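Have a look at the structure below, then the notes.
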Amino acid sequence: MKKVLVLLITVFMVVSLFAGCKQAAQPTTLVFAKAGDAVELDPADVTDGESITVMNNIFEGLVRYKPGTTEVEPWLATSWDVSSDGLIWTFHLRQGVKFHDGTPFNADAVVFSFERQRDPNHPFHKYGKWEYWQWCFSEISKTEKVDDYTVKITLNHPFAPFLSTMAMFTAYIVSPTNCEKWGDQWFAHPVGTGPFKFVEWIKGDHITLEKNPDYWGEKAKIDKLIFKVIPDASQRLLSLQKGEVQGMEFPNPDDLQKISQDSNLQILSEPGLNVGYLAMNMGEDTPGFQKPFADVRVRQAINYAINKKAIVDQLYKGTAVVAKNPIPPTLWGYNDSIQDYEYNPTKAKELLKEAGYPNGFKTQLWAMPVSRPYMFDPQKIATAIQADLKAVGIDAEIVTYDWGTYLQKTENGEHPMALLGWTADYADPDDFLYVLLDSDSATVGSAGNIAFYRNPKVHELNIKAQRETDQAKRAELYKQVQEIVHNDAPWVPLAHAKQILVFSKNVQGFVLYPTGDYHFETVSITK
Numbered sequence: 001m002k003k004v005l006v007l008l009i010t011v012f013m014v015v016s017l018f019a020g021c022k023q024a025a026q027p028t029t030l031v032f033a034k035a036g037d038a039v040e041l042d043p044a045d046v047t048d049g050e051s052i053t054v055m056n057n058i059f060e061g062l063v064r065y066k067p068g069t070t071e072v073e074p075w076l077a078t079s080w081d082v083s084s085d086g087l088i089w090t091f092h093l094r095q096g097v098k099f100h101d102g103t104p105f106n107a108d109a110v111v112f113s114f115e116r117q118r119d120p121n122h123p124f125h126k127y128g129k130w131e132y133w134q135w136c137f138s139e140i141s142k143t144e145k146v147d148d149y150t151v152k153i154t155l156n157h158p159f160a161p162f163l164s165t166m167a168m169f170t171a172y173i174v175s176p177t178n179c180e181k182w183g184d185q186w187f188a189h190p191v192g193t194g195p196f197k198f199v200e201w202i203k204g205d206h207i208t209l210e211k212n213p214d215y216w217g218e219k220a221k222i223d224k225l226i227f228k229v230i231p232d233a234s235q236r237l238l239s240l241q242k243g244e245v246q247g248m249e250f251p252n253p254d255d256l257q258k259i260s261q262d263s264n265l266q267i268l269s270e271p272g273l274n275v276g277y278l279a280m281n282m283g284e285d286t287p288g289f290q291k292p293f294a295d296v297r298v299r300q301a302i303n304y305a306i307n308k309k310a311i312v313d314q315l316y317k318g319t320a321v322v323a324k325n326p327i328p329p330t331l332w333g334y335n336d337s338i339q340d341y342e343y344n345p346t347k348a349k350e351l352l353k354e355a356g357y358p359n360g361f362k363t364q365l366w367a368m369p370v371s372r373p374y375m376f377d378p379q380k381i382a383t384a385i386q387a388d389l390k391a392v393g394i395d396a397e398i399v400t401y402d403w404g405t406y407l408q409k410t411e412n413g414e415h416p417m418a419l420l421g422w423t424a425d426y427a428d429p430d431d432f433l434y435v436l437l438d439s440d441s442a443t444v445g446s447a448g449n450i451a452f453y454r455n456p457k458v459h460e461l462n463i464k465a466q467r468e469t470d471q472a473k474r475a476e477l478y479k480q481v482q483e484i485v486h487n488d489a490p491w492v493p494l495a496h497a498k499q500i501l502v503f504s505k506n507v508q509g510f511v512l513y514p515t516g517d518y519h520f521e522t523v524s525i526t527k
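Here it is as structure tokens:
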């Protein structure tokens, strides 16, 4: 009897052991529903949020924003020194870090990552447009290796936002070995040092990442991260409710009350550093230019014609505030003394008549095909704007393209008017007023300034602010820029939206960033 009892206990223990092992080996997967697919996965060669979302989890930079803040902290660099004139930045690199392909992170990788963007003679320079380098890093004159773990970056002039720009994706460090392996196709085979490794990209459907078991820092808590493309917000929510995904971006404002009453779901929300806007193409050298938009009276008329409050009230439904400036009111340097254009169709008609368009004119209104943090439903917003313009005699045909094509065409200036927006990559007015509205950013083919607005005084003030180290003085300069932009009216600033994400209740640890970045290494799924 004892032998039988011992045998039964032994069998029970073995079965329990194997059951426990099986349970422990069960991988944890988080599927996150995105509104659109990535365009490409080279961190230095993109400007769209859908690509950046993925890359934030694969790559890292020398510094980063402390989670949930805009405070810069050391990351792949452990410390740095700055010369007294602000021109030479020396970064001391973290040792013992490896790329996902097993090669070492070192000074050579940093020099490669920056010089491929800066140097026209670099063998990899031909593979990208490097738009952000033009907008944010053009003051870098060279990047040099001091030793294996020390890098020196020299600037042409002092650049006040420099350290903040180093926290953004353009400054992420890539594996030189991987780039050399894949050549002009490396953007589809990304290798970084981050907490997740790239697995596959089925375009238009999903991108899969897996936990990096050799990560130098605190390892990710989930084993697999899948970014699932679901363009329609209602379908994203349905997939979340059915358990097919565990998180989603950009819910319909109409659905928020229903979501808040669902005990299986949770809403994460905070004010975003963003702006949604309508740009009017002023670039006479662009293919989409139409003569009416060269006249400031027409641009001001369109500002008077659009009922922004109705758009925010009816379409954003409490998830945004009306915009009057290009920068959000939560960012330092905001000019609150500016008086916004009121909704006044009569005034709009008067200005159109003065400009020589008493019966209006025909044009196109381009609308994004995907939800964005600053504009949850671009098509509905375009329809509302179309109706407002029709009321003052402007006949605007709504045009759209797939997301990648839309971005490319607006950078080329093929639009007369286009809806777009921006979420801050670094918490500085420079990221809005220089990147989106400076003549330096209005290069046809790689424009961040898709209004192709080129005001020499704005450029002068922007450059002066970049080289000024006193933040109070910089704020005054940026307030002057906002006043000029308001009067010139290259945009209709529409809204500053909250960033809103929805997760299953059992998803824990996601941190909202003011810049709208998504980082999943801290996320866990409870049973």
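Going letter by letter, the sequence shown gives residues 1 to 527 in UniProt numbering.
Each residue gets a CB set at the ideal place from its N, CA and C atoms; glycine is no exception.
These numbers come from a predicted model, not from an experiment.
Given L437 as reference, the closest of H486, T405, T469, K390 once Cα atoms are compared
The count along the sequence shown starts at 1 and reaches residue 437 at position 437. Among H486, T405, T469, K390, the Cα nearest to that of L437 belongs to H486.
From the DSSP output, which residues share a beta bridge with A33?
To locate residue 33, count along the sequence shown from 1; it is residue 33. DSSP, once it has assigned bridges, lists K228, M248 as partnering A33.
Helix, strand or coil for W491, going by three-state DSSP, please let me know.
Working through the sequence shown from its first residue, we reach residue 491 at position 491. If DSSP states are grouped into helix, strand and coil, W491 belongs with the strands.
For the beta strand (DSSP E) containing Q466, list its first residue and its last residue.
Along the sequence shown, read from residue 1 onward, the residue named residue 466 stands at position 466. First-last for Q466: 456-467, but that is the alpha helix (DSSP H), not the beta strand (DSSP E).
Report the option in G283, K224, A382, K308 whose CA atom is closest to the CA atom of F32.
As a position in the sequence shown, residue 32 is number 32, starting the count at 1. Among G283, K224, A382, K308, the Cα nearest to that of F32 belongs to K224.
From W80 to S239, what distance separates their C-alpha atoms?
Against the sequence shown, residue 80 aligns to sequence position 80. Against the sequence shown, residue 239 aligns to sequence position 239. In a straight line, the C-alpha of W80 is about 46 Å away from that of S239.
Residue environment, G192, which counts as buried when at least 16 other CB atoms sit within 10 Å
Within the sequence shown, the letter at position 192 stands for residue 192. With 16 or more other Cβ atoms within 10 Å, it is buried.
I need the straight-line Cα distance from Q379 to T90, nearest angstrom please.
Locating residue 379 in the sequence shown gives position 379, where the first residue counts as 1. Locating residue 90 in the sequence shown gives position 90, where the first residue counts as 1. Distance between the alpha carbons of Q379 and T90 is about 47 Å.
Between the Cα of D262 and the Cα atoms of L407, A495, S504, H157, which residue gives the shortest distance?
The residue given as residue 262 occupies position 262 in the sequence shown. Ranking the options by Cα distance to D262, first place goes to S504.
Report the option in L155, L494, A367, P176 whose CA atom is closest to the CA atom of V399.
Here residue 399 is taken as the residue at index 399 of the sequence shown, counted from 1. Checked all of L155, L494, A367, P176; the closest Cα to V399 is A367.
Reduced DSSP secondary structure (H/G/I, E/B, other) of residue 539:
Since the displayed the chain opens at 1 and closes at 527, residue 539 lies outside it and no answer follows.
Is the Cβ-Cβ distance between L93 and A107 less than 8 Å?
As a working note, residue 93 is residue 93 in the sequence shown. As a working note, residue 107 is residue 107 in the sequence shown. Contact: yes.
Quick check on the DSSP output: what are the complete beta strand (DSSP E) runs of length 3 or more inside the segment 170-207, in order along the chain?
196-202
Which word fits S164, buried or exposed, when buried means at least 16 other C-beta atoms lie within 10 angstroms of its C-beta?
The residue you call residue 164 lines up with position 164 of the sequence shown. Buried is the label assigned to S164, since at least 16 other Cβ atoms lie within 10 Å of its Cβ.
Could you pull the DSSP bridge partners for N81 from this structure?
On the sequence shown, position 81 is the one that residue 81 refers to. According to the sequence shown, residue 81 is Asp rather than Asn. Its beta-bridge partners are T90.
Taking V502 as the reference, which of L461, Q246, M417, V312 has the closest Cα?
Translated into positions along the sequence shown, residue 502 becomes position 502. It is Q246 whose Cα lies nearest to the Cα of V502.
Are at least three pairs of beta-carbons, each pair with one atom in the segment 403-414 and one in the segment 28-46, less than 8 Å apart?
Between the segment 403-414 and the segment 28-46 there are three or more C-beta pairs closer than 8 Å, enough to call the two in contact.
N- and C-terminal bounds of the beta strand (DSSP E) containing R372:
Taking the sequence shown and counting its residues from 1, one reaches residue 372 at position 372. Boundaries cannot be given for R372, as no beta strand (DSSP E) includes it and DSSP labels it neither H nor E.
Among residues of its own chain, excluding the 5 on either side of A348, which ones have a beta-carbon nearer than 6 Å to its beta-carbon?
Counted from its first residue, the sequence shown places residue 348 at position 348. Answer for A348: A301, Y304, A305, V392, listed in chain order.
Among L461, L331, Q466, Y149, whose alpha-carbon lies nearest the alpha-carbon of residue 528?
What the structure shows of the chain is the stretch from 1 to 527, and residue 528 is not part of that stretch, so it cannot be assessed.
Boundaries of the beta strand (DSSP E) in which D430 is found, first to last residue
As a first step, residue 430 is located in the sequence shown; it is residue number 430 there, counting from the start. First-last for D430: 430-433, but that is the alpha helix (DSSP H), not the beta strand (DSSP E).
Roughly how many angstroms separate the alpha carbons of F510 and G68, rounded to a whole number?
As a first step, residue 510 is located in the sequence shown; it is residue number 510 there, counting from the start. As a first step, residue 68 is located in the sequence shown; it is residue number 68 there, counting from the start. For F510 and G68, the gap between their C-alpha atoms comes out near 10 Å.
Whole-angstrom Cβ separation of I230 and I525, contact assumed at under 8 Å?
Here residue 230 refers to the residue found at position 230 when the sequence shown is read from its first residue. Here residue 525 refers to the residue found at position 525 when the sequence shown is read from its first residue. The Cβ separation is near 19 Å, so there is no contact.
Return the bridge partner residues of K142 from the DSSP annotation.
For the purposes of this step, residue 142 is taken as the residue at position 142 of the sequence shown. Residue pairing from DSSP places K142 in a beta bridge opposite T154.
Between G421, G183, Y132, S441, which has its C-alpha nearest T170's C-alpha?
Locating residue 170 in the sequence shown gives position 170, where the first residue counts as 1. T170 has its Cα closest to that of Y132, out of G421, G183, Y132, S441.
Quick one, are the C-beta atoms of residue 532 and V63 less than 8 Å apart?
Any question about residue 532 goes unanswered here, given that the chain covers just 1 to 527.
Per-residue burial, T423 [other beta carbons within 10 Å of its own, 16 or more giving buried]:
Position 423 of the sequence shown, counting from 1, holds the residue named residue 423. T423 should be labelled buried.
Just to check my reading of the structure: V111 and F105 have Cβ atoms closer than 8 Å, yes? What is that Cβ distance to the nearest angstrom?
Position 111 of the sequence shown, counted from the first residue, corresponds to residue 111. Position 105 of the sequence shown, counted from the first residue, corresponds to residue 105. Actually they are not in contact, since the Cβ atoms of V111 and F105 sit about 12 Å apart, beyond 8 Å.
What does the alpha-carbon distance come out to for the pair P253 and L268?
Position 253 of the sequence shown, counted from the first residue, corresponds to residue 253. Position 268 of the sequence shown, counted from the first residue, corresponds to residue 268. Cα-Cα distance, rounded: 13 Å.
Please tell me whether L420 and I381 are closer than 8 Å, where the distance is taken between their beta carbons.
Mapped onto the sequence shown, residue 420 falls at position 420. Mapped onto the sequence shown, residue 381 falls at position 381. Result no, Cβ atoms of L420 and I381 do not sit closer than 8 Å.
Same chain, Cβ closer than 7 Å to Y518, five either side skipped, listed in chain order:
Sequence index remark: in the sequence shown, residue 518 carries index 518 (1-based). If we look at Y518 and ignore the five residues flanking it on each side, its Cβ neighbours are T53, N56.
Top-ranked residue by Cα proximity to T70, from Y426, P292, V435, F452:
Taking the sequence shown and counting its residues from 1, the one referred to as residue 70 is at position 70. Minimum Cα distance to T70 is reached at Y426.
Extent of the continuous alpha helix (DSSP H) run through W135:
In the sequence shown, residue 135 corresponds to position 135, counting from 1. Start and end: 131-136.
Inter-stretch contact (C-beta, 8 Å, three-pair minimum) for the segment 474-494 and the segment 318-328
yes
So, is F520 buried or exposed, given that buried needs 16 or more other C-beta atoms within 10 angstroms?
Taking the sequence shown and counting its residues from 1, one reaches residue 520 at position 520. That one is buried.
Where does the unbroken beta strand (DSSP E) through V444 begin, and where does it stop?
Mapped onto the sequence shown, residue 444 falls at position 444. Element bounds for V444: n/a, residue is neither H nor E.
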